[in-house]
Amino acid sequence: MDSTKYFNENERLLYTEEFYDVKIYVGVEPNIKEFHAHSSIIYAHCPFFRNTLTNAKKENGFYIVEKKNIDESAFKTILK
200 MDSTKYFNEN
210 ERLLYTEEFY
220 DVKIYVGVEP
230 NIKEFHAHSS
240 IIYAHCPFFR
250 NTLTNAKKEN
260 GFYIVEKKNI
270 DESAFKTILK
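Numbering follows the working numbering, with no gaps: position 59 of the sequence shown is 258.
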C-alpha cells in the first residue's frame, strides 16, 4: 500500500464531519475550540486517544473530551 495515500485518506477523514462521534473541547473560557473526530480512527492510531476515549463520558451518542491544558495549535498536531 502506498503510504502517501494512507496518510491522505486519514487526513481526509479528520476533516470529514459526517458520522463523527467525538467532540473534543480544547482550551479555557473564553477561548474554547471544539473539534470533531471519529472514535474508531483516533482510537486505533494514537495511544493518547485510546486512553482518553476509554475514560470519556458519553452524551447523546457522542464521546465528550475536555482538554483545557492543551493549546489549540498543539492539539491540531496531535489530532493529525
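Beta carbons: idealized from backbone N, C-alpha and C, even for Gly.
Where residue 231 falls: helix, strand or coil (DSSP) = As a first step, residue 231 must be located in the sequence shown, where it is residue number 32. Three-state result, residue 231: coil.
Heavy atom of the ligand SAH less than 6 Å from the Cβ of residue 231, yes or no?
-> This structure simply doesn't include the ligand SAH, nor any ligand for that matter.
Helix, strand or coil: how does DSSP classify residue 275 here?
-> On the sequence shown, position 76 is the one that residue 275 refers to. Note: residue 275 maps to helix in three-state DSSP.
Grab the span of the beta strand (DSSP E) containing residue 240 for me, first residue to last.
-> Start at 1 with the first residue of the sequence shown, and residue 240 comes out as number 41. Here residue 240 belongs to no beta strand (DSSP E); instead the alpha helix (DSSP H) covers 238-244.
Determine the contact status of residue 248 and residue 241, defining contact as a CB-CB distance below 7 Å.
-> Position 49 of the sequence shown, counting from 1, holds the residue named residue 248. Position 42 of the sequence shown, counting from 1, holds the residue named residue 241. In this structure, residue 248 sits near residue 241, with a CB-CB distance shorter than 7 Å.
Limits of the unbroken beta strand (DSSP E) element including residue 269 | For the purposes of this step, residue 269 is taken as the residue at position 70 of the sequence shown. Counting along the chain, residue 269 falls outside any beta strand (DSSP E), and DSSP gives it neither H nor E.
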